[in-house]
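Chemist: Under our numbering, the first residue of the sequence shown is numbered 26, with each subsequent residue one higher.
Note that the Cβ used here is the ideal one computed from N, Cα and C, for glycine as well.
All values derive from a computational prediction rather than experimental measurement.
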Amino acid sequence: MTRDAGVDPNRAKATLVAMRKELLELAESSRESRAPVELDQTSVGRLSRMDALQVQAMALETGRRRDNEIRMIEAALQRIEDGEYGYCVSCGEEIPLKRLELDPTTPVCVDCATPVRGGR
């Protein structure tokens, strides 16, 4: 089933593929910073090791977030293939074009992304 949400799927696909490529290149270039830290006290002081561990932890978290973003891109590309891109996966309503331009991976409309407030 193909639906037309006013979104150019070819343009969206090109944007998503470019985003994925950039993230994969960043992952490759930062591989060394995620490597295990050497704990040999004879070659590195305690503060240097602590600093290295902190840098490694930040690099691992950045990698985890990057992997999550790649998964979101893959899901958006699958929605394009399925003809469902531009429609909320929760309620089925059309996602505004401006929202998709801001975040082409977004799977939900504003209403479904906004938590219920007060007594609404």
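Report yes if the C-beta distance between Arg-151 and Ala-52 is below 9 Å; otherwise report no.
Modeler: Past the boundaries of the shown model lies residue 151; the chain is included only from 26 to 145, so the question cannot be answered.
Chemist: Is it the case that the stretch 96-113 contacts the stretch 128-141, given that we only count it when at least three CB pairs across the two stretches are under 8 Å?
Modeler: Touching, yes.
Chemist: Assuming contact is defined by CB atoms lying nearer than 9 Å, are Tyr-112 and Glu-106 in contact in what I supplied?
Modeler: Contact: no.
Chemist: Does the beta carbon of Ile-120 sit closer than 9 Å to a beta carbon anywhere in chain C?
Modeler: This model lacks chain C altogether, as it is built from one protein chain only.
Chemist: Using 9 Å as the threshold, is the C-beta distance between Ser-54 and Gly-88 below it?
Modeler: Contact: no.
Chemist: Quick one: grab the DSSP three-state call for Ile-118.
Modeler: Note on identity: in this sequence residue 118 is Glu, with Ile being the wrong assignment. DSSP places Glu-118 in coil when its eight states are reduced to three.
Chemist: Residues bridged to Tyr-112 by DSSP?
Modeler: Glu-119, per the DSSP bridge assignment.
Chemist: Return the first residue and the last residue of the alpha helix (DSSP H) that Arg-45 is part of.
Modeler: Here the alpha helix (DSSP H) through Arg-45 covers 34-54.
Chemist: Which one of Gly-117, Met-75, Glu-126 has the shortest CA to CA distance from Ala-39?
Modeler: Comparing Cα positions, the closest option is Glu-126.
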